[in-house]
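Visitor: Under this note's numbering, the first residue of the sequence shown carries the number 16, and numbering increases by one thereafter.
A virtual CB, placed ideally from N, CA and C, is assigned to each residue, including glycine.
All values derive from a computational prediction rather than experimental measurement.
First the structure, then my questions, so here it is.
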Amino acid sequence: MSLFGLFERRSVENPAVPLTSASLTSLLGGSAGVAGVPVSETGSLHMPAVWRSVSVIANVAAALPLHTYAAGSRDRTSVALLEDPHPELTRFELWRLVYVHRLLWGNAYLQKVRNGGGQVVQLWPIRPDRVKVDREPPSADNPGGKVFWIQDDSGVRQRRTSREILHLPALGYDGVTGCSPIRAAAEGIGLGLAAEKAAARLYGSGNMISGVLQTEQRLNKDQADQLKASWKAKLSGHQAAHDIAVLDSGASFQPVTMPYRDSQFLESRQFQVVEVARMFGVPLFLLMETQKSTSWGTGLEQQAQGFVTWDLAPTWLTPTEQRVTKELLTDGQYAKYQLGGLLRGDSAARATFYRAMRDTGAFSADDIRDLEDLTPIGGPEGGMHLQPLYMAPLGTDPSTPTAPAADSAPDDRAARAAQHLAAAHRLLTPEPPQEGGDDARQE
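See the structure below:
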């Protein structure tokens, strides 16, 4: 029997199915690559660039509002399961853990806890290294045929189906499970971990000295220690900055500069940060690396929006929306992340954009308020689309003025002003007396 056979467990329901736990690799320290450093899903977090990349994606995705809407309308519906999915973890903590699992293992698994009526009321996370996914012939209780073999704390394997497990895979190639980004880029991460250890050994060995004191005389240990102590006493500390050293007896100081190969070593460490950023699709400035990235506000804003548009939304958020809609919501409902806050520019740029879209009739007032996470105005006023020229309601011809009613004043400021002036003139001007006086009026 091989070494791996010693750790192999077989299902009680189906002993013919071998179930080797993926946690065995982590137990043995991960698989060592060419760099000679074991790489595992949890061990990769020892590399700061990996930790930061996972943290950025998981925290941002978990913090986004996941709204539920009624199909064919913008009316938001409240779903208790999505608002409070776990009795101990908050909504943010649960979804952050889900994204961490997908980023490290390429898969996230949540157990669906149902009430007596069959409705899902809770979601419990499962460590991906305890799950093996397989397929079996479709049946009445498992129409899709996907089956999950889960190992509990006591080592017992349990069979579960899609009705009991919510599976959120990352990028994959077989349609069953997702690929672990850490395994896919194990060599690059291993090289980064090896560079971290090499740098730690370099500094820990004490070989990084600033310089060497040389003298033509032969010194014993006590004399050498005295010369070193005298040198440090005179020229160490901030008060000795820019001071001038005086050496006698043929002594000289030779500074030790970094060798070219050591400078290349530091460059290789920086390159591994770029490799990790490329693997996760995270801009370098989010990894606190700006040497090869712009540090100007507008440039960073464009990079941040590109990160949301080209990586965060299609790679992580959209699959979650569709999976939640498919398995956790009822017919006529769908889930949608609110990305308006991440895609916004500065207030002046947003105002210019909204004004242009409003003036061309593309946006209504409620469209703009929705992008700003504000409650809609509602009614025909909030949903009205305007068109250019005189900002008339969409569908009318603003070039053809509507004739005013006979008993209404013309809707023109100049005409109304003229009418007011004429009325005031009549009031202030006395009427001329009629000819004939009172006799004429009596007749």
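(1) For Thr57, does the three-state DSSP call read helix, strand or coil?
(2) Counting C-beta neighbours from all protein chains within 10 Å, is the total for Asn122 16 or more, i.e. buried, or is it exposed?
(3) Short of 7 angstroms in beta carbon distance, which residues of its chain neighbour Gly160, apart from the five on each side in sequence? Order them along the chain.
(4) Would you call Glu108 buried or exposed, if buried means 16 or more other Cβ atoms sit within 10 Å of its Cβ?
(5) Cβ atoms of Leu183 and Val135: under 7 angstroms apart, would you say?
(6) Evaluate contact between the segment 341-352 and the segment 79-90, counting only Cβ atoms and requiring at least three cross-stretch pairs below 8 angstroms.
(7) Among residues of its own chain, excluding the 5 on either side of Glu179, which ones have a beta-carbon nearer than 6 angstroms to its beta-carbon?
(8) Assuming Asn235 is part of the alpha helix (DSSP H), what are its boundary residues?
(9) Which same chain residues end up closer than 7 angstroms to Arg106 when comparing Cβ atoms and leaving out the 5 residues on each side of it in sequence?
(10) Whole angstroms is fine: what's the gap from Gly394's alpha carbon to Glu387's?
(11) Does the structure place the segment 194-202 close enough to the segment 289-302 that three or more beta carbon pairs sit under 8 angstroms?
(12) Which one of Glu202, Pro158, Ala350, Ala371 has the shortest CA to CA distance from Ser93?
(13) Answer yes or no: do Val71 and Val291 have a C-beta to C-beta separation smaller than 7 angstroms?
(14) Indicate the three-state DSSP secondary structure (helix, strand or coil) for Asp77 in the structure shown.
(15) Please determine, among Glu231, Thr230, Glu396, the residue with the shortest C-alpha to C-alpha distance to Asp381.
(16) Just grab the DSSP bridge partners of His82 for me.
(17) Given Gln137, which residues of its chain have a CB within under 7 angstroms of its CB, disregarding the five upstream and five downstream residues?
(18) Report the residue from Arg284, Val171, Val323 whose alpha carbon sits nearest the alpha carbon of Tyr352.
(19) Between the alpha carbons of Arg373 and Leu186, how many angstroms are there, rounded?
(20) Just the Cα atoms here: how many angstroms apart are Trp120 and Ala371?
(21) Measuring CA to CA, which of Asp156, Pro158, Asn157, Asp144 is closest to Asp168?
(22) Whose C-beta lies closer than 8 angstroms to the C-beta of Ile141 among residues of the same chain, with five residues either side of it excluded?
(23) Tell me which residue opens and which closes the beta strand (DSSP E) that Leu125 is part of.
(24) Taking only three categories from DSSP, how would you classify Gln306?
(25) Which of helix, strand or coil does DSSP assign to Arg293?
(26) DSSP has Val162 in a bridge; who is on the other side?
(27) To the nearest angstrom, how far is it from the Cα of Leu315 to the Cα of Phe300?
(28) Using CA atoms only, rank isn't needed, just tell me which of Val191, Gly133, Gly132 is closest to Val146.
(29) Please return the same chain residues whose Cβ sits closer than 7 angstroms to the Cβ of Leu43, not counting the five positions on each side in sequence.
(30) What are the start and end residues of the beta strand (DSSP E) that includes Leu301?
(31) Evaluate Phe163 with the Cβ neighbour count: other Cβ atoms within 10 Å of its Cβ, from every protein chain shown; 16 or more gives buried, anything less gives exposed.
(32) Kindly indicate the opening and closing residues of the alpha helix (DSSP H) around Val136.
(33) Go ahead and pull the three-state DSSP assignment for Gln402.
(34) Give me the residue from Gln269, Asn74, Pro158, Ala210 with the minimum Cα distance to Gln229.
(35) For chain C, find out if any of its Cβ atoms is closer than 7 angstroms to the Cβ of Ala76; answer yes or no.
Guide: To lay it out plainly:
(1) On the sequence shown, residue 57 is found 42 positions in, with the first residue counted as 1. If DSSP states are grouped into helix, strand and coil, Thr57 belongs with coil.
(2) Stepping through the sequence shown from its first residue, residue 122 is reached at position 107. Counting Cβ neighbours within 10 Å, Asn122 comes out buried, since at least 16 surround it.
(3) Reading the sequence shown from its first residue, position 145 is the one you call residue 160. Cβ within range, chain order: Arg150, Glu151, Pro152, Pro153.
(4) For the purposes of this step, residue 108 is identified with residue 93 of the sequence shown, where counting begins at 1. By the neighbour-count criterion, in which 16 or more other beta carbons inside 10 Å mark a residue as buried, Glu108 falls on the exposed side.
(5) As a position in the sequence shown, residue 135 is number 120, starting the count at 1. As a position in the sequence shown, residue 183 is number 168, starting the count at 1. Cβ atoms of Val135 and Leu183: not closer than 7 angstroms.
(6) Yes: the two stretches touch, three or more of their Cβ pairs being nearer than 8 angstroms.
(7) Indexing the sequence shown from 1 puts residue 179 at position 164. For Glu179, the CB contacts under 6 angstroms within the same chain, skipping 5 residues up- and downstream, are Lys127 in chain order.
(8) Residue 235 sits at position 220 when you count from the first residue of the sequence shown. Taken as a continuous stretch (DSSP letters only), Asn235 belongs to no alpha helix (DSSP H), as it is neither H nor E.
(9) Taking the first residue of the sequence shown as 1, we reach residue 106 at position 91. Closer than 7 angstroms at Cβ, skipping near neighbours: Glu98, Asp99, Pro100.
(10) Here residue 394 is taken as the residue at index 379 of the sequence shown, counted from 1. Here residue 387 is taken as the residue at index 372 of the sequence shown, counted from 1. One C-alpha to the other measures close to 19 angstroms.
(11) Taking 8 angstroms as the limit for Cβ pairs, the verdict is that the segment 194-202 does touch the segment 289-302.
(12) The residue given as residue 93 occupies position 78 in the sequence shown. Ser93 has its Cα closest to that of Ala350, out of Glu202, Pro158, Ala350, Ala371.
(13) Reading the sequence shown from its first residue, position 56 is the one you call residue 71. Reading the sequence shown from its first residue, position 276 is the one you call residue 291. A distance of 7 angstroms or more separates the beta carbons of Val71 and Val291.
(14) On the sequence shown, position 62 is the one that residue 77 refers to. First, the residue type needs correcting, since residue 77 is Ala and not Asp in the sequence shown. Ala77: helix per DSSP, three-state reduction.
(15) Working through the sequence shown from its first residue, we reach residue 381 at position 366. Looking at the Cα atoms, Glu396 is the closest of the given residues.
(16) By 1-based counting over the sequence shown, the position of residue 82 is 67. Partner residues in the beta bridge of His82, as assigned by DSSP, are Lys351.
(17) On the sequence shown, residue 137 is found 122 positions in, with the first residue counted as 1. Excluding sequence neighbours, Gln137 sits near Pro100, His101, Pro102, Val128.
(18) Reading the sequence shown from its first residue, position 337 is the one you call residue 352. For Tyr352, the nearest C-alpha among the options comes from Val323.
(19) For this step, residue 373 is matched to residue 358 along the sequence shown. For this step, residue 186 is matched to residue 171 along the sequence shown. Going from the Cα of Arg373 to the Cα of Leu186 covers about 39 angstroms.
(20) As a working mapping, residue 120 is identified with position 105 in the sequence shown. As a working mapping, residue 371 is identified with position 356 in the sequence shown. Their Cα atoms are separated by approximately 45 angstroms.
(21) Reading the sequence shown from its first residue, position 153 is the one you call residue 168. In this structure, Asp144 is the residue among Asp156, Pro158, Asn157, Asp144 with its C-alpha nearest to the C-alpha of Asp168.
(22) Here residue 141 refers to the residue found at position 126 when the sequence shown is read from its first residue. Only Tyr124, Leu125, Gln126, Ile165, Ile180 meet the Cβ criterion.
(23) As a working note, residue 125 is residue 110 in the sequence shown. Segment 122-129, the beta strand (DSSP E) holding Leu125.
(24) Along the sequence shown, one-based indexing puts residue 306 at 291. Residue state, collapsed to three classes: coil.
(25) Position 278 of the sequence shown, counted from the first residue, corresponds to residue 293. In the three-state reduction of the DSSP assignment, Arg293 falls in the helix class, which pools H, G and I.
(26) Taking the sequence shown and counting its residues from 1, one reaches residue 162 at position 147. In the DSSP secondary-structure assignment, Val162 is bridged to Asp149, Thr176.
(27) Taking the sequence shown and counting its residues from 1, the one referred to as residue 315 is at position 300. Taking the sequence shown and counting its residues from 1, the one referred to as residue 300 is at position 285. C-alpha of Leu315 to C-alpha of Phe300: approximately 8 angstroms in a straight line.
(28) Your numbering for residue 146 matches position 131 in the sequence shown. Measuring from the Cα of Val146, the nearest candidate turns out to be Val191.
(29) As a first step, residue 43 must be located in the sequence shown, where it is residue number 28. For Leu43, the predicted model reports a pLDDT of 47, less than 50, meaning its position is unreliable and no value from the coordinates is stated.
(30) As a working note, residue 301 is residue 286 in the sequence shown. In the DSSP assignment, Leu301 falls outside any beta strand (DSSP E), carrying neither H nor E.
(31) By one-based count along the sequence shown, residue 163 stands at place 148. So Phe163 counts as buried.
(32) Along the sequence shown, one-based indexing puts residue 136 at 121. It is not in any alpha helix (DSSP H) - Val136 instead sits in the beta strand (DSSP E) that spans 135-141.
(33) Working through the sequence shown from its first residue, we reach residue 402 at position 387. Under the three-state reduction of DSSP output, Gln402 falls in the coil class, being neither helix nor strand.
(34) Taking the sequence shown and counting its residues from 1, the one referred to as residue 229 is at position 214. Its Cα nearest to that of Gln229, the residue Gln269 stands out among Gln269, Asn74, Pro158, Ala210.
(35) Here there is only one protein chain, and chain C is not present.
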